[in-house]
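Enquirer: Numbering (my numbering), first residue to last: 16 to 505.
Don't be surprised by glycine CBs; every beta carbon is placed ideally from N, CA and C.
Just so we're clear, the structure is a prediction, and the values are computed from it rather than from any experiment.
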Ligand SMILES: Cc1ncc(COP(=O)(O)O)c(C=O)c1O
């Protein structure tokens with residue numbers, strides 16, 4: 016199989032032709048060994064072993080064999096859509112921070128240490144902005160590393176949601192992540208308005224998916240009353256990647272401010288926030304950016320809002336221009352650009368982790384990651400389709416993939432909706448075999464092969480475990496229509 020051709024096809028929304036032997040370990044390994052498309056950066060990460068995943072104490076590495084002797088010993092981690100794996104660089108970065116704090120103490124704010132991977136603390140947020148610029152397609156002055164995602168959504172809405180009697184609605188999706196819902200709801204309430212009247216929900220019109228046309232129509236219909244549109248770049252449940260440029264351009268046509276929650280998109284898909292003329296965007300860095308649980312988040316504010324002093328709604332001393340911040344004269348001079356939105360002095364532990372995880376992104380590009388991701392996820396989809404076909408029960412497939420079939424409209428994640436009675440067995444089998452992926456009741460498993468550290472072998476091994484987990488149910492109920500084929504695989 017020519018991987019480069021396959022990736023080009025996927026980029027155009029077509030399906031590649033998989034060879035007959037694609038569902039074998041050898042084939043998966045052959046893709047991992049190819050050099051004609053971007054390779055994994057797995058060696059930059061700590062991949063837990065199956066034994067480590069059962070860890071009960073911090074000191075039991077001797078018993079739990081910290082080092083995998085073969086890929087069979089490694090866990091299969093498909094949960095980067097929730098929490099990315101630990102980049103090895105982070106330990107080196109944290110160590111440098113601890114040494115700096117432990118030696119020059121407060122001097123760490125301003126004093127460069129020649130051989131340290133981190134800059135003086137005063138410059139570290141700016142350094143993280145520079146390292147995130149290419150990832151989201153913006154200039155570094157349009158980006159700020161601060162706070163956490165929900166807080167940043169609030170700060171952005173405090174600046175960009177200015178309801179009037181006529182234009183008071185916020186458009187969001189039918190099923191936003193709870194924190195987005197609460198943030199939008201409470202911002203509306205903060206203005207003394209009623210969320211029932213001021214939240215405008217985009218409903219799915221294609222299974223679990225929201226078509227672009229449906230969104231554009233709703234914008235047309237509601238334009239006179241919309242004060243703000245806030246949508247997810249990638250919907251967390253279905254994995255749908257929305258058409259950010261088209262929807263943003265449409266909002267712009269109507270003069271409506273538009274912001275994006277990129278929690279599941281940043282570090283996952285290619286973004287061009289500046290060129291797409293997005294007003295603002297927020298993302299967390301603990302998913303595809305691998306900065307650790309609850310890590311410091313990122314926000315984007317288009318330069319048109321910030322070049323000459325940002326449109327800051329809520330102020331704090333760290334939004335004050337760095338050159339005169341310490342004059343303490345209480346005359347707010349905003350830092351030009353997104354960094355004017357900072358309030359507090361940032362956690363240097365958090366920024367250190369972020370700078371460390373972003374150092375891995377500096378070894379690649381979003382274009383390369385996306386190319387690899389398109390093929391990895393398409394391979395997962397292909398194997399899932401084969402498993403579904405082999406395991407029809409009562410004329411029904413044991414699961415349905417609810418993510419978009421068009422690769423241009425999804426990221427790494429495939430959301431697999433299992434028949435409800437299968438969830439328990441499948442969960443137990445995945446856990447028992449060292450597989451980590453996200454399960455959402457009633458029957459969704461979110462499978463996210465992350466291009467930075469997951470391999471085609473991971474995908475193959477995951478699928479074998481999934482298929483085995485489906486067998487007992489199919490056989491116990493004596494309902495396998497293709498029992499022979501199933502047995503042949505056992
Ligand atoms: C889409 C989305 N929005 C908001 C959040 C909440 O993020 P935080 O707890 O970092 O504020 C998450 C967390 O996973 C998310 O996926």
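So the candidates are 317, 388, 107; which of them puts its Cα closest to the Cα of residue 355?
Expert: Here residue 355 refers to the residue found at position 340 of the chain shown. Taking only the C-alpha atoms, the option nearest residue 355 is 317.
Enquirer: Beta strand (DSSP E) containing residue 315: first to last residue?
Expert: Here residue 315 corresponds to residue number 300 of the chain shown, with the count starting at 1. Residue 315 -> beta strand (DSSP E) spans 313-316.
Enquirer: Tell me whether residue 211 sits in a helix, a strand or coil according to DSSP, three-state version.
Expert: Here residue 211 is taken as the residue at index 196 of the chain shown, counted from 1. Three-state result, residue 211: helix.
Enquirer: With the cut-off set at 7 Å, would you say residue 310 and residue 276 are in Cβ contact?
Expert: On the chain shown, position 295 is the one that residue 310 refers to. On the chain shown, position 261 is the one that residue 276 refers to. Not closer than 7 Å, so no.
Enquirer: Quick one: using the 10 Å Cβ neighbour count with 16 as the cut-off for buried, is residue 443 buried or exposed?
Expert: Along the chain shown, one-based indexing puts residue 443 at 428. So residue 443 ends up on the exposed side.
Enquirer: Do residue 38 and residue 401 have their C-beta atoms within less than 7 Å of each other?
Expert: Position 23 of the chain shown holds residue 38. Position 386 of the chain shown holds residue 401. Yes. Within cutoff.
Enquirer: Across which residues does DSSP place residue 89 in a beta bridge pair?
Expert: Position 74 of the chain shown, counted from the first residue, corresponds to residue 89. According to DSSP, residue 89 bridges with 64.
Enquirer: Whole angstroms is fine: what's the gap from residue 27's alpha carbon to residue 386's?
Expert: Within the chain shown, residue 27 is the residue found at index 12, counting from 1. Within the chain shown, residue 386 is the residue found at index 371, counting from 1. Between residue 27 and residue 386, the C-alpha separation is close to 12 Å.
Enquirer: Please classify residue 319: is it buried, with 16 or more other beta-carbons within 10 angstroms of its beta-carbon, or exposed?
Expert: Locating residue 319 in the chain shown gives position 304, counting from the first residue. When all chains shown are included, residue 319 counts as exposed.
Enquirer: Which residues mark the beginning and the end of the beta strand (DSSP E) in which residue 188 is found?
Expert: Numbered from 1 along the chain shown, position 173 holds the residue referred to as residue 188. First-last of the beta strand (DSSP E) with residue 188: 184-188.
Enquirer: Checking the sheet assignment: what are the DSSP bridge partners for residue 276?
Expert: Reading the chain shown from its first residue, position 261 is the one you call residue 276. DSSP, once it has assigned bridges, lists 247, 297 as partnering residue 276.
Enquirer: What are the uninterrupted segments assigned as alpha helix (DSSP H) that are 4 or more residues long and contained completely in the segment 302-381, given in chain order?
Expert: Runs of the alpha helix (DSSP H) inside the segment 302-381: 318-321, 363-376.
Enquirer: For the beta strand (DSSP E) that contains residue 192, what are its first and last residues?
Expert: The residue labelled residue 192 in the question sits at position 177 within the chain shown. Here residue 192 belongs to no beta strand (DSSP E), and DSSP marks it neither H nor E.
Enquirer: Given a cut-off of 7 Å on the beta-carbon distance, is the pair residue 22 and residue 389 in contact?
Expert: In the chain shown, counting from the first residue as 1, residue 22 sits at position 7. In the chain shown, counting from the first residue as 1, residue 389 sits at position 374. Contact flag set, yes.
Enquirer: Is residue 376 a contact residue of ligand 1, with contact defined as CB to any heavy atom under 6 Å?
Expert: For the purposes of this step, residue 376 is taken as residue 361 along the chain shown, with counting starting at 1. Answer for residue 376: no, Cβ out of range of ligand 1.
Enquirer: Restricting to Cα atoms, I'd like to know which of 455, 280, 88, 114 is closest to residue 432.
Expert: Locating residue 432 in the chain shown gives position 417, counting from the first residue. It is 455 whose Cα lies nearest to the Cα of residue 432.
Enquirer: Taking the CB atoms as reference points, tell me whether residue 269 and residue 251 lie closer together than 7 Å.
Expert: For the purposes of this step, residue 269 is taken as residue 254 along the chain shown, with counting starting at 1. For the purposes of this step, residue 251 is taken as residue 236 along the chain shown, with counting starting at 1. The answer is no: Cβ separation not under 7 Å.
Enquirer: Between residue 34 and residue 452, what straight-line distance do the alpha-carbon atoms span, to the nearest angstrom?
Expert: Here residue 34 refers to the residue found at position 19 of the chain shown. Here residue 452 refers to the residue found at position 437 of the chain shown. Answer to the nearest angstrom: the Cα atoms are 27 Å apart.
Enquirer: How far does the alpha helix (DSSP H) with residue 100 in it reach, from first residue to last?
Expert: If you number the chain shown from 1, residue 100 lands on position 85. That residue, residue 100, is in no alpha helix (DSSP H); it is neither H nor E in DSSP.
Enquirer: Buried or exposed: residue 42, going by 16 or more other Cβ atoms within 10 Å of its Cβ?
Expert: As a first step, residue 42 must be located in the chain shown, where it is residue number 27. Counting Cβ neighbours within 10 Å, residue 42 comes out buried, since at least 16 surround it.
Enquirer: Is it buried or exposed for residue 20, if we count other Cβ within 10 angstroms and need 16 for buried?
Expert: For the purposes of this step, residue 20 is identified with residue 5 of the chain shown, where counting begins at 1. Exposed, because fewer than 16 other Cβ atoms sit within 10 Å of the Cβ of residue 20.
Enquirer: Is residue 20 helix, strand or coil when you go by DSSP?
Expert: Locating residue 20 in the chain shown gives position 5, counting from the first residue. Three-state result, residue 20: helix.
Enquirer: Does any heavy atom of ligand 3 sit closer than 6 Å to the C-beta of residue 286?
Expert: Looking for ligand 3 in the displayed structure turns up nothing; the ligands present are ligand 1.
Enquirer: For residue 172, I'd like the list of residues in its chain whose CB is within less than 6 Å of its CB, leaving aside the five on either flank, ordered along the chain.
Expert: Reading the chain shown from its first residue, position 157 is the one you call residue 172. For residue 172, where only same-chain residues beyond five positions count, the Cβ hits under 6 Å are 202.
Enquirer: Here's a check: name, in chain order, each residue in its chain whose Cβ is nearer than 7 Å to the Cβ of residue 175, leaving out the five neighbours to either side.
Expert: On the chain shown, position 160 is the one that residue 175 refers to. Once the five neighbours on either side are set aside, the close Cβ partners of residue 175 are 243, 272, 274, 294, 295.
Enquirer: How big is the Cα-Cα spacing for residue 186 and residue 426?
Expert: Along the chain shown, one-based indexing puts residue 186 at 171. Along the chain shown, one-based indexing puts residue 426 at 411. So the two alpha carbons sit approximately 23 Å from each other.
Enquirer: At 4 residues or longer, what runs of the alpha helix (DSSP H) sit wholly inside the segment 438-477?
Expert: The qualifying runs are 438-447.
Enquirer: Given a cut-off of 7 Å on the beta-carbon distance, is the pair residue 349 and residue 334 in contact?
Expert: For the purposes of this step, residue 349 is taken as residue 334 along the chain shown, with counting starting at 1. For the purposes of this step, residue 334 is taken as residue 319 along the chain shown, with counting starting at 1. Cβ distance < 7 Å, so residue 349 and residue 334 count as in contact.
Enquirer: Counting only runs of 3+ residues fully inside the segment 393-419, write out the beta strand (DSSP E) ranges in chain order.
Expert: DSSP runs (the beta strand (DSSP E)) wholly in the segment 393-419: 414-416.
Enquirer: At which residues does the beta strand (DSSP E) containing residue 45 begin and terminate?
Expert: Sequence index remark: in the chain shown, residue 45 carries index 30 (1-based). That residue, residue 45, is in no beta strand (DSSP E); its alpha helix (DSSP H) goes 40-48.
Enquirer: Do residue 416 and residue 437 have their C-beta atoms closer together than 7 Å?
Expert: Indexing the chain shown from 1 puts residue 416 at position 401. Indexing the chain shown from 1 puts residue 437 at position 422. No. Outside cutoff.
Enquirer: Would you check if the segment 104-114 and the segment 124-136 touch, i.e. whether three or more CB-CB distances between them fall below 8 Å?
Expert: With the cut-off at 8 Å, the segment 124-136 and the segment 104-114 touch.
Enquirer: Between which residues of its own chain and residue 498 is the CB-CB distance below 6 Å, once the five residues before and five after are set aside?
Expert: Your numbering for residue 498 matches position 483 in the chain shown. Confidence at residue 498 is low in this model, with a pLDDT of 33, below 50, so its placement is unreliable and the value that follows should be read with caution. Excluding residues within five positions, none has a Cβ falling inside 6 Å.
Enquirer: What residue range does the alpha helix (DSSP H) around residue 174 cover?
Expert: On the chain shown, residue 174 is found 159 positions in, with the first residue counted as 1. Residues 164-175.
Enquirer: What's the gap between the Cα of residue 380 and the Cα of residue 58?
Expert: Taking the chain shown and counting its residues from 1, one reaches residue 380 at position 365. Taking the chain shown and counting its residues from 1, one reaches residue 58 at position 43. Distance between the alpha carbons of residue 380 and residue 58 is about 17 Å.
Enquirer: Would you mind working out which of 71, 141, 434 sits nearest residue 361, comparing C-alpha positions?
Expert: Reading the chain shown from its first residue, position 346 is the one you call residue 361. It is 141.
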